[in-house]
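Only one structure is covered here, and it is reproduced in the block below.
2 protein chains.
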Amino acid sequence: MTAPLHEARPAGVGRALPDTQQGMRRRNLARVLHAVSAEGSLSRAAVASRIGLTRAAVSTLVDELIRWGLLEELGPERPGRVGRPGSALAVSGRGPAGIGAEIGVDHLAVCAVDLRGAVRARAVHRGANRGRAPEPVIAELTTLVGQVVAEAEREELWPAGLAVAVPGLVARDSHTVVRAPNLEWRDTDLGALLPGDWPLTVDNEANFGALAELWLGAGTPREFLHVSAEIGIGAAIVVDGQLLRGTRGFAGELGHVPVRPDGPSCACGGRGCLEQYAGQEAVLRAAGLQPREDLVGLLAEHAEKGEEGVRAALRDAGTALGIALTGAVNLLDPETVVLGGALAGLSPWLLPSLEAELTGRTAGPACPVAVSPLGPEGPLLGAAHSVVRAVLDDPASVTKRA
Amino acid sequence: MTAPLHEARPAGVGRALPDTQQGMRRRNLARVLHAVSAEGSLSRAAVASRIGLTRAAVSTLVDELIRWGLLEELGPERPGRVGRPGSALAVSGRGPAGIGAEIGVDHLAVCAVDLRGAVRARAVHRGANRGRAPEPVIAELTTLVGQVVAEAEREELWPAGLAVAVPGLVARDSHTVVRAPNLEWRDTDLGALLPGDWPLTVDNEANFGALAELWLGAGTPREFLHVSAEIGIGAAIVVDGQLLRGTRGFAGELGHVPVRPDGPSCACGGRGCLEQYAGQEAVLRAAGLQPREDLVGLLAEHAEKGEEGVRAALRDAGTALGIALTGAVNLLDPETVVLGGALAGLSPWLLPSLEAELTGRTAGPACPVAVSPLGPEGPLLGAAHSVVRAVLDDPASVTKRA
DNA sequence: CTAATTTGTAAACGGCCATGACGAAATAGT
DNA sequence: ACTATTTCGTCATGGCCGTTTACAAATTAG
Chain A
1 MTAPLHEARP AGVGRALPDT QQGMRRRNLA RVLHAVSAEG SLSRAAVASR
51 IGLTRAAVST LVDELIRWGL LEELGPERPG RVGRPGSALA VSGRGPAGIG
101 AEIGVDHLAV CAVDLRGAVR ARAVHRGANR GRAPEPVIAE LTTLVGQVVA
151 EAEREELWPA GLAVAVPGLV ARDSHTVVRA PNLEWRDTDL GALLPGDWPL
201 TVDNEANFGA LAELWLGAGT PREFLHVSAE IGIGAAIVVD GQLLRGTRGF
251 AGELGHVPVR PDGPSCACGG RGCLEQYAGQ EAVLRAAGLQ PREDLVGLLA
301 EHAEKGEEGV RAALRDAGTA LGIALTGAVN LLDPETVVLG GALAGLSPWL
351 LPSLEAELTG RTAGPACPVA VSPLGPEGPL LGAAHSVVRA VLDDPASVTK
401 RA
Chain B
403 MTAPLHEARP AGVGRALPDT QQGMRRRNLA RVLHAVSAEG SLSRAAVASR
453 IGLTRAAVST LVDELIRWGL LEELGPERPG RVGRPGSALA VSGRGPAGIG
503 AEIGVDHLAV CAVDLRGAVR ARAVHRGANR GRAPEPVIAE LTTLVGQVVA
553 EAEREELWPA GLAVAVPGLV ARDSHTVVRA PNLEWRDTDL GALLPGDWPL
603 TVDNEANFGA LAELWLGAGT PREFLHVSAE IGIGAAIVVD GQLLRGTRGF
653 AGELGHVPVR PDGPSCACGG RGCLEQYAGQ EAVLRAAGLQ PREDLVGLLA
703 EHAEKGEEGV RAALRDAGTA LGIALTGAVN LLDPETVVLG GALAGLSPWL
753 LPSLEAELTG RTAGPACPVA VSPLGPEGPL LGAAHSVVRA VLDDPASVTK
803 RA
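Protein sequence lines, in the order shown, are assigned to chains A and B. According to this note's numbering, the first sequence holds residues 1 to 402 in order. According to this note's numbering, the second sequence holds residues 403 to 804 in order.
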């Protein structure tokens, strides 16, 4: 059977560039870089056979990537087979770096990641940001960025872009934070506040967390649901290796999926939304605890001590999550569900009831549920890596800037 | 801000082909054909400016497409502006044709669609197929296909492929019907039964229906949810102009989204699934009617007469649908929801309660709900058009076959 | 030590789009 | 009516890019 090729507007490098010889070259540069990056170390001949070009063509492409400082020659490979050994190539550890930043409710963090994916510099600033005006927060963040950039530059890296993860809604393809309830920011344009001549990306921390899971997670599928609870409960949906954002960018609002249609009414206008059962406020209330800054730690502490009320509250939250996820899994048929963010820390008490609900409501084999190994680092790493991926996906872009 | 190019494995023509000059040519041929097809009639210069190539390049591409019989020269355009008028090009009405077939519970249908999208031949065979063995049904279908192909050939069309819509689950990228409850077929390989040297595609009728909506619907968005009820209740999810199939191909199982978690238990193992409230059986039972062949007609008749029991049953089904769709809309943020298949015919009685539920449970503007204008024709047209799209997406493929 | 194998590179080749120029066919202005 | 202008389609030229072919280098097998 012939593979169906239905598609009208292909995404990514494949077609965003005009289909001319220059575009072709540019895409092939990306393919070479991707191949080496994926394998860690590869000879020219290996790259050629992997991406379907000839050795001669790959040679010229590699030359160019080396000239741009994106690829390095490691020297002859250890010969295991007959024939002349290849010369190992690796992605450079001294080229461009992705700068990731995170604006948290109680901290700011910045890190630099090189093309190999290694974190090469980082800086953290603790301190509650809830209710503070954007300007001083961004000023602090700017100095942190400056520190990290300086440290990266000492290691012969240069910043290729800045990506900022924020705990709130970000307008699609913009730098504007539409609403960040936990910071109490509204319609804040970070582009105007952040200095820098680099490309800037601003996105929701949940999205970056999911992307981190996609890029860094162990044995990561290309199709999964990444659930996190920071502000409300959000699910980032990854389909075919890409984030599903929705028409208005509101996709993934798992928190307002109806769990019990006649349940308590919700701020969204609905009734019995998941957030009424598994949201932070709801769980705290059910557990009979007073809120403080580190809610996850609070809950985990008490649950650890074996307090039945707290455990029951978390169990019930898990059940509600399981019901909502059953719906999501039936709709999307993902390979796995990953619990990230605050949910990762509470998973010991959430998972049993969650999985019971999920398997009980599924005919065939239930969708496996995993806990994110990245934990709270996800968003920051995802942000930094998003910049790195941009370079990997279009290496020519690094020469297009002064 | 630079557009993020994140993507690792791009889909479609864009990268499936090796990135060589031949591939480039092939993609550009597709772009020219797409442009003309989208606009109906276009001059070479207009195509050039639209797809970003030069007039000279487009000229040679057009020449090739004309030589292959995919494009036609209509003659000089009516000049409205200064300058020499262009020579209008149109997609040929005498080239390849897509043959679509539908295996329904009470009918077989076949049609031929030309590259312009016009239905040029069709044949229908009424008769209940429930419980019949696959072989005689396929034999009947084969003769219908023969008739349609003969008729198409009289109009100087030649079949470029056959796509079959079946009311059941089809294994991904295969010709095997895993399960078709209403036909009572299991693990039936249509590839072995259907003759022909053409490319064959077999898929679920709901999927083809959604694709028809995507390709033929009025003002069709690239991101929507197509809900249909044939066997069970299914939703085809279209994201960025492509069908979201899920890891195992089971995506879109709206029928088993939990609506009332403590409701009646369902064959799927869950409780309170949508199907328990809006499935055909459930609605019939609630309406107090005896099943017969044409269930939609039956329900519509009685509802039309104003029978309160029937209307109430449909109202309740609409409510349940609304609850399930609220969850789906929150997750996916589609541009619209389209009711197709049996639901389209019953929409007058379903819509009010469905929309009430959907708007009541949404904070911002609710996702609009539309009724498919294609109605029962959807799957058949979608199947035929899928073949046409395959040609449009890779015109060079028509010369690659003897 | 020779034959076989594999790697990387160089030169010639061919395909494809861009560039620039030209004739053709329409409109706009005088 | 006639010329200038604009736009269209095509042709010849040139540059870019991957392929093909050939060859030297480096390793293993015998």
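C-beta: ideal position from N, C-alpha, C; glycine also. Since we're looking at a predicted model, the values are computed, not measured.
Neighbourhood of residue i by C-beta distance below 6 Å, restricted to the same chain and skipping five residues each side
{"i": "Met403(B)", "result": "Note that Met403(B) scores 33 on pLDDT, short of 50, meaning its location in the model is unreliable; the coordinates nonetheless yield the value given after this. If we look at Met403(B) and ignore the five residues flanking it on each side, it has no Cβ neighbours."}
{"i": "Ala370(A)", "result": "Thr336 and Val338"}
{"i": "Glu155(A)", "result": "Arg120"}
{"i": "Val493(B)", "result": "Val438, Ser439, Leu517 and Arg518"}
{"i": "Pro583(B)", "result": "Ile633"}
{"i": "Thr422(B)", "result": "none"}
{"i": "Pro10(A)", "result": "Confidence at Pro10(A) is low in this model, with a pLDDT of 31, below 50, so its placement is unreliable and the value that follows should be read with caution. Taken in chain order, the list of residues that qualify is empty."}
{"i": "Asp735(B)", "result": "none"}
{"i": "Ala8(A)", "result": "For Ala8(A), the predicted model reports a pLDDT of 31, less than 50, meaning its position is unreliable; a value from the coordinates is still stated below. Here the set comprises nothing."}
{"i": "Gly382(A)", "result": "Phe208, Gly209, Leu211 and Ala212"}
CB of residue i within 8 Å of CB of residue j, strictly
{"i": "Pro159(A)", "j": "Ile99(A)", "result": "yes"}
{"i": "Pro379(A)", "j": "Gly209(A)", "result": "yes"}
{"i": "Leu701(B)", "j": "Leu716(B)", "result": "yes"}
{"i": "Cys670(B)", "j": "Thr362(A)", "result": "yes"}
{"i": "Ala45(A)", "j": "Leu733(B)", "result": "no"}
{"i": "Leu585(B)", "j": "Arg532(B)", "result": "yes"}
{"i": "Thr188(A)", "j": "Pro221(A)", "result": "no"}
{"i": "Ala786(B)", "j": "Cys513(B)", "result": "yes"}
{"i": "Pro719(B)", "j": "Leu752(B)", "result": "Residue identity check: residue 719(B) is Ala in the sequence provided, not Pro. Yes, these two residues count as a Cβ contact at 8 Å."}
{"i": "Asn207(A)", "j": "Leu169(A)", "result": "no"}
{"i": "Glu479(B)", "j": "Pro487(B)", "result": "yes"}
{"i": "Val149(A)", "j": "Arg122(A)", "result": "no"}
{"i": "Thr201(A)", "j": "Gly241(A)", "result": "no"}
{"i": "Leu691(B)", "j": "His704(B)", "result": "yes"}
Close-in-space but distant-in-sequence residues of the same chain around residue i (CB under 7 Å, 5 per side omitted)
{"i": "Glu140(A)", "result": "Leu108 and His125"}
{"i": "Thr801(B)", "result": "Trp470"}
{"i": "Arg662(B)", "result": "Gly674"}
{"i": "Gly232(A)", "result": "Gly255, Glu275 and Gly279"}
{"i": "Glu555(B)", "result": "none"}
{"i": "Leu53(A)", "result": "Asn28"}
{"i": "Cys769(B)", "result": "Val731, Pro736, Thr738, Val739 and Leu760"}
Minimum C-alpha distance to residue i - residue among the options
{"i": "Ala746(B)", "options": "Ala714(B), Glu632(B) and Ala786(B)", "result": "Glu632(B)"}
{"i": "Arg292(A)", "options": "Leu29(A), Glu73(A) and Asp106(A)", "result": "Asp106(A)"}
{"i": "Ala499(B)", "options": "Pro601(B), Ala688(B) and Gly742(B)", "result": "Pro601(B)"}
{"i": "Ser347(A)", "options": "Pro365(A), Pro334(A) and Glu304(A)", "result": "Glu304(A)"}
{"i": "Leu473(B)", "options": "Val484(B), Arg480(B) and Ser461(B)", "result": "Ser461(B)"}
{"i": "Ala163(A)", "options": "Leu358(A), Pro136(A), Ala212(A) and Arg78(A)", "result": "Ala212(A)"}
{"i": "Ala726(B)", "options": "Glu757(B), Glu466(B) and Gly708(B)", "result": "Glu757(B)"}
{"i": "Leu157(A)", "options": "Leu216(A), Ile103(A) and Gly93(A)", "result": "Gly93(A)"}
{"i": "Leu463(B)", "options": "Pro481(B), Met426(B) and Pro770(B)", "result": "Met426(B)"}
{"i": "Ala620(B)", "options": "Val449(B), Ser445(B), Ala458(B) and Pro775(B)", "result": "Pro775(B)"}
{"i": "Gly364(A)", "options": "Ala594(B), Phe652(B) and Val547(B)", "result": "Phe652(B)"}
{"i": "Gly146(A)", "options": "Glu307(A), Asp197(A), Ile51(A) and Ala88(A)", "result": "Asp197(A)"}
Close beta carbons around residue i, own chain, < 8 Å, minus the five adjacent residues each side
{"i": "Ala744(B)", "result": "Ser630, Ala631, Glu632, Gln682, Leu697 and Val698"}
{"i": "Gly263(A)", "result": "Arg271, Gly272, Cys273, Gln276 and Tyr277"}
{"i": "Val580(B)", "result": "Gly570, Leu571, Val572, Ala573, Arg588 and Asp589"}
{"i": "Thr326(A)", "result": "Glu357, Leu358, Arg361 and Thr362"}
Mind checking the stretch 761-793 of chain B against chain A and listing, in chain order, the residues whose C-beta falls within less than 7 Å of any C-beta there?
Gly762, Arg763, Thr764, Ala765, Ser788, Arg791 and Ala792
Chain A contacts made by the stretch 712-734 of chain B, where a contact means CB separation under 8 Å:
Ile725, Ala726, Thr728, Gly729, Ala730, Asn732, Leu733 and Leu734
Just to confirm the assignment: which complete beta strand (DSSP E) runs, minimum length 3, are found wholly within the stretch 126-181 of chain A?
158-166 and 176-180
Identify each residue in the stretch 27-40 of chain A for which the Cβ-Cβ distance to at least one residue of chain B is less than 8 Å, and report them in chain order.
Arg27, Asn28, Arg31 and His34
Chain A contacts made by the stretch 646-659 of chain B, where a contact means CB separation under 9 Å:
Leu646, Arg647, Gly648, Thr649, Arg650, Gly651, Phe652, Ala653, Gly654, Glu655, Leu656, Gly657, His658 and Val659
Which whole runs of the beta strand (DSSP E) in the stretch 205-238 of chain A are 3 residues long or more, in chain order?
224-230
Could you tell me which uninterrupted alpha helix (DSSP H) segments, each at least 4 residues in length, are contained entirely in the stretch 11-72 of chain A, listed from first to last along the chain?
13-16, 21-39, 44-51 and 55-67
If contact means a Cβ-Cβ distance below 8 Å, which residues of the stretch 562-586 of chain B contact chain A?
Gly563, Asp575, Ser576 and His577
Members of the stretch 214-242 of chain A near chain B, C-beta cut-off 8 Å
Pro221, Arg222, Glu223, Ala235, Ile237, Val239, Asp240, Gly241 and Gln242
Give, in chain order, every residue of the stretch 129-154 of chain A whose Cβ lies closer than 8 Å to some Cβ of chain B.
none
Runs of beta strand (DSSP E) lying entirely within the stretch 310-350 of chain A, each at least 3 residues, in chain order:
336-339
The stretch 733-761 of chain B: positions lying closer than 7 Å to chain A by Cβ:
Leu733, Leu734, Asp735, Pro736 and Glu737
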